[in-house]
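Trainee: Going line by line, the protein sequences match chains E and H. Residue numbering for the first sequence follows the UniProt record's numbering, starting at 1 and increasing by one per position. Residue numbering for the second sequence follows the UniProt record's numbering, starting at 1 and increasing by one per position. Have a look at this one.
There are 2 protein chains.
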Amino acid sequence: MLDVCLLGTAGMMPLPHRHLTALMTRYNGSNLLIDCGEGTQVAIKKKGWSVHSIDTICFTHYHADHISGLPGLLLSMGNADRTKPLLLVGPKGLCKVVEALRIIAPELPFAIQYHELKEEVEVVESQGYRITAFKVKHNVVCYGYTIDILRAGKFSVENANKHEIPQRCWNRLQKGETVEMDGKVYTPDMVMGAPRRGIKVTYCTDSRPLEIIAKQAYKADLFVCEGMYAEKEKLAKARQYKHMTFYEAAGLAAQAKPKQLWLTHFSPSLVRAESYMDEVRGIFADSHLGKDGKSIELSFAEEE
Amino acid sequence: MLDVCLLGTAGMMPLPHRHLTALMTRYNGSNLLIDCGEGTQVAIKKKGWSVHSIDTICFTHYHADHISGLPGLLLSMGNADRTKPLLLVGPKGLCKVVEALRIIAPELPFAIQYHELKEEVEVVESQGYRITAFKVKHNVVCYGYTIDILRAGKFSVENANKHEIPQRCWNRLQKGETVEMDGKVYTPDMVMGAPRRGIKVTYCTDSRPLEIIAKQAYKADLFVCEGMYAEKEKLAKARQYKHMTFYEAAGLAAQAKPKQLWLTHFSPSLVRAESYMDEVRGIFADSHLGKDGKSIELSFAEEE
C-alpha cells in the first residue's frame, strides 16, 4: 500500500557509490519526497520510480546536501510534462531559498505552493498523506517528519441495519460524509468502528537525539534515522556538529519500538559500516544499515 | 603535460549512467573546470581527480545542466581545506547567478573572483592557462572556450654567446624577463626563438554550428563538441533548440582539422550512439564518441 525507498545514504557530500540521503514514498498514485540533495533525481531514475508523480516535497533544512538537487528535479519534472501544482513543505525561509535556487530553473509548467513550518509540531495533509513535521536539534532549524497513511474503522452492516440506514447512503457514510435523506440525518459514527492502525514511517536526519524523535517514531512501521558516525570515539564530533552516532539512533529506536530501524546519512569517512552493527543490534534488535535504493512495501495490518 | 578529462556526456539532465557534460584539465598543479552541472563533483571523485586544486571554473551559460552542481562543489572544495581564491569565468550575470545559488553555500573558506565576459572573443589568463572565450549561438548567451598552454621558443646558446650575455642572466631571460647588468640591457628576444606550438583544446556545447567554432578549434589537439542528436530526422529539433547533430559537429571538425573530435552533450533519448559513427567518420575521420571519464594526456610536440 505504501512503497518506501531510501534513495541515498550519504551525509554532507555525494560520493561515487553513495547518493545523498533522501526518502521517497508512493501511495495511491501520489509520490512524496523528503529532501533533495545533488543527484537525488538520478537516484530516483536508478530506482525506476517516477519524478512526474511527485506531488509533495518536504525539506528537513536547507543545508546544500538536503536541497541542492531541487532545481534539476524541478526541470526534470517539467520535462516529464507535469502540470499539477507541487507542494513544498519546510522550515521558515522555504520560499526565499527555493526562489533563489530557481534562478537556474525560472520557467516551469507547474505552480509551486509553499507551506512554511512555524510550530514545534505541525500537521500538513497532502494527497492522502498525513505529514507531521516536528522540530529537531541541529545547528540550523531542522525538522523530522512522520508520514501516516490513516485507516478508517470498519463499516458495521449490523449497526447500519440497527439504525435503519438506507443502503444507498452507506458508501457516502463510509467516506466520512454526513448524509441527510428523507428527513433523517445519518452520521459516519453510526456505522464506522474506531479508526484502525494505519501505516507510519518516521524520518529524522541532522539532529542530536531528542525525546520528541522517539515519541514520533513510536511503534512506526519504519524508522529511518541518521547515524552519521559509527566509531565510538566520534561521539564528541556528533555532539559538536549536532549529529548522532549509530548507538544514539539505536537508543532512540529502543525507546520508540518501531518495527525496524534503518540507519542513514553516513559520514563520508565511514567504511566497514557492517562491523559496527552487532553492537547496534544489541541496543535495538531490528536495526539495519540503510543502502542506496533500499525499499519496502508496507501494508495495512491483517484484519483480526 | 595537460591532462584532459570529459567528466560526463549528458545533455539536459543527468542519467543513472551518464553524468552531465563538463570538462576538467590538470596542468602544472592547477585544475580548470568547464561547466559544473548536478553531479559533476561525483564525476570528479569517480575519476580520482582532486576538487581541491580547481583554481578556475568557466561556464558556457547558466542553464541548470551546466551550473547546478556548483554549490555542492564549492562546499566540497571548502571541506577539502581550500583557502586559495577561486576564479569564475562566464557570461554576463555570473555574479548574480552564483550569489543566488550560494544561498545554500554561504560560508566558504576561500574567496570567489568573478570575470564576466562582455566581448565576442575575450582572453583570460589563469594559472598558466590561456583561456579564450568565444560567443556561440544558443537560445541564451553562451560561450565556447579554447584552452591554450603556450610554449616559449627555444633558448639559443649561440645567440647568447654572440651578444656576450653573462651566463647568470640566462635563466631570467628564458623566463621572459629583461635583465640589466653591468650597465647593459639584455632582452629575451636576443636569445629566444619564435614561440613553439603549445597545447590546445577547444570546447563547445549548446550552440548551432558557427564559423567561429571551426576557427577556434583550428588544428587543436582536441576538439570537444556537442552532438545533441544523432538521428538525421532530428536536425529540425537541433535548429529549434539551438543544438547540433553529430554530422554538424563533424562538419565543423572537417573545417577545423583538430587531431581528434570528441562528441558529447547527448540527448537523454540517444541510444546506440556507435551505430551513427561510421557516417560521422565519413565526414571527419578522427571522430570519437565521448564517454564519461574519457581522458587523454596531451604533450608538447616532439622537437624537430
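Idealized CB from N, CA, C, for every residue including glycine. Here the structure is a predicted model, which is why all the values come from computation and not from measurement.
(1) Which of the three DSSP states, helix, strand or coil, is assigned to residue 49 (chain H)?
(2) For the region 50-67 of chain H against the region 56-68 of chain E, do three or more pairs of beta-carbon atoms, one drawn from each stretch, fall closer than 8 angstroms, so that the two count as touching?
(3) Since residue 87 (chain E) and residue 115 (chain E) are thought to touch, with beta carbons under 8 angstroms apart, how far apart are those beta carbons, to the nearest angstrom?
(4) Buried or exposed for residue 1 (chain H), please, with buried defined as at least 16 other CB atoms from any protein chain shown within 10 angstroms of its CB.
(5) Check whether the Cβ of residue 177 (chain E) lies closer than 8 angstroms to any Cβ atom in chain H.
(6) From this set, E:21, E:134, E:5 and E:33, which residue's C-alpha is nearest residue 226 (chain E)'s C-alpha?
(7) Could one say the Cβ of residue 67 (chain E) lies closer than 8 angstroms to chain H's Cβ atoms, at least one of them?
(8) Taking a Cβ distance cut-off of 8 angstroms, strictly less, list which residues of the region 62-90 of chain E are near chain H, in chain order.
(9) State whether the region 158-178 of chain E contacts the region 101-120 of chain E, with contact taken as three or more CB pairs (one from each stretch) at a distance under 8 angstroms.
(10) For the candidate residues E:142, E:104, E:130 and E:108, whose alpha-carbon lies nearest to that of residue 119 (chain E)?
(11) Which value, in whole angstroms, describes the spacing of the CA atoms of residue 321 (chain H) and residue 138 (chain E)?
(12) Rounded to whole angstroms, what's the CA-CA distance from residue 82 (chain H) to residue 52 (chain H)? Just pull it up for me.
(13) Does the region 171-180 of chain H come close enough to the region 231-247 of chain H that 3 or more CB-CB pairs lie under 8 angstroms?
(14) So, are the CB atoms of residue 129 (chain E) and residue 203 (chain E) less than 8 angstroms apart?
(15) Could you check whether the region 248-259 of chain H touches the region 269-277 of chain H, counting it as contact only if at least three pairs of C-beta atoms, one from each stretch, sit closer than 8 angstroms?
(16) So, with DSSP's three-state summary, where would you put residue 224 (chain E)?
(17) Measuring CA to CA, which of H:268, H:278, H:34 and H:262 is closest to residue 294 (chain H)?
(18) How do the region 282-294 of chain E and the region 242-250 of chain E stand: do at least 3 beta-carbon pairs fall below 8 angstroms, yes or no?
(19) What is the rounded straight-line gap between the Cα of residue 307 (chain H) and the Cα of residue 219 (chain E)?
(20) Please determine, among E:4, E:199, E:3 and E:9, the residue with the shortest C-alpha to C-alpha distance to residue 268 (chain E).
(21) From what residue to what residue does the alpha helix (DSSP H) around residue 98 (chain E) run?
(22) Under the rule that 16 or more other beta-carbon atoms within 10 Å means buried, what is residue 66 (chain H), buried or exposed?
(23) Give every residue of the same chain whose Cβ lies closer than 7 angstroms to the Cβ of residue 280 (chain H), excluding the five residues on either side of it in the sequence, and list them in chain order.
(24) Quick one: complete alpha helix (DSSP H) runs, 4+ long, within the region 215-297 of chain E?
(25) Using a Cβ-Cβ distance under 8 angstroms, would residue 240 (chain H) count as near chain E?
(26) Inspect the beta-carbon positions of residue 89 (chain H) and residue 62 (chain H) and report whether they are closer than 8 angstroms.
(27) Nearest-angstrom Cα distance between residue 37 (chain H) and residue 64 (chain H)?
Mentor: Reading it off the structure:
(1) For the purposes of this step, residue 49 (chain H) is identified with residue 49 of the second sequence, where counting begins at 1. Of the three classes helix, strand and coil, the one that applies to residue 49 (chain H) here is coil, per DSSP.
(2) no
(3) Locating residue 87 (chain E) in the first sequence gives position 87, counting from the first residue. Locating residue 115 (chain E) in the first sequence gives position 115, counting from the first residue. Contact flag correct, Cβ pair sits at about 6 angstroms.
(4) Mapped onto the second sequence, residue 1 (chain H) falls at position 1. By the neighbour-count rule (16 or more Cβ atoms within 10 Å), residue 1 (chain H) is not buried but exposed.
(5) On the first sequence, residue 177 (chain E) is found 177 positions in, with the first residue counted as 1. It does not: the Cβ of residue 177 (chain E) has no partner Cβ on chain H nearer than 8 angstroms.
(6) Here residue 226 (chain E) corresponds to residue number 226 of the first sequence, with the count starting at 1. Of all alpha-carbon atoms in E:21, E:134, E:5 and E:33, the one lying nearest the alpha-carbon of residue 226 (chain E) is that of E:21.
(7) Counting from one through the first sequence, the residue named residue 67 (chain E) turns up at place 67. So yes, residue 67 (chain E) belongs to the interface.
(8) Against chain H - using a Cβ distance shorter than 8 angstroms - the residues of the region 62-90 of chain E are 62, 63, 64, 65, 67, 68, 69, 71, 72, 75, 76 and 79.
(9) no
(10) To locate residue 119 (chain E), count along the first sequence from 1; it is residue 119. For residue 119 (chain E), the nearest C-alpha among the options comes from E:142.
(11) Nothing about residue 321 (chain H) can be read from this structure; chain H reaches only from 1 to 304.
(12) Position 82 of the second sequence holds residue 82 (chain H). Position 52 of the second sequence holds residue 52 (chain H). Here the alpha carbons of residue 52 (chain H) and residue 82 (chain H) stand approximately 6 angstroms from one another.
(13) no
(14) Indexing the first sequence from 1 puts residue 129 (chain E) at position 129. Indexing the first sequence from 1 puts residue 203 (chain E) at position 203. Not closer than 8 angstroms, so no.
(15) no
(16) Here the question's residue 224 (chain E) lines up with position 224 in the first sequence. Here residue 224 (chain E) sits in strand by DSSP.
(17) What you label residue 294 (chain H) is simply residue 294 of the second sequence in a count that begins at 1. Measuring from the Cα of residue 294 (chain H), the nearest candidate turns out to be H:262.
(18) yes
(19) Residue coverage of chain H in this structure runs from 1 to 304, which leaves residue 307 (chain H) outside it and unanswerable.
(20) Here residue 268 (chain E) refers to the residue found at position 268 of the first sequence. Residue nearest to residue 268 (chain E) within the set E:4, E:199, E:3 and E:9 is E:9 (criterion: CA-CA distance).
(21) Working through the first sequence from its first residue, we reach residue 98 (chain E) at position 98. 94-101 is the extent of the alpha helix (DSSP H) around residue 98 (chain E).
(22) Your numbering for residue 66 (chain H) matches position 66 in the second sequence. Its Cβ being crowded by 16 or more others within 10 Å, residue 66 (chain H) is buried.
(23) Along the second sequence, one-based indexing puts residue 280 (chain H) at 280. For residue 280 (chain H), the CB contacts under 7 angstroms within the same chain, skipping 5 residues up- and downstream, are 246, 247, 250 and 287 in chain order.
(24) 235-241, 246-256 and 277-283
(25) Residue mapping note: residue 240 (chain H) aligns to position 240 of the second sequence, counting from 1. Residue-level contact check: residue 240 (chain H) does not touch chain E, since none of the beta carbons of chain E fall below 8 angstroms from its beta carbon.
(26) Locating residue 89 (chain H) in the second sequence gives position 89, counting from the first residue. Locating residue 62 (chain H) in the second sequence gives position 62, counting from the first residue. It is not a contact, given that the beta carbons lie outside the stated cut-off.
(27) The residue labelled residue 37 (chain H) in the question sits at position 37 within the second sequence. The residue labelled residue 64 (chain H) in the question sits at position 64 within the second sequence. Between residue 37 (chain H) and residue 64 (chain H), the C-alpha separation is close to 7 angstroms.
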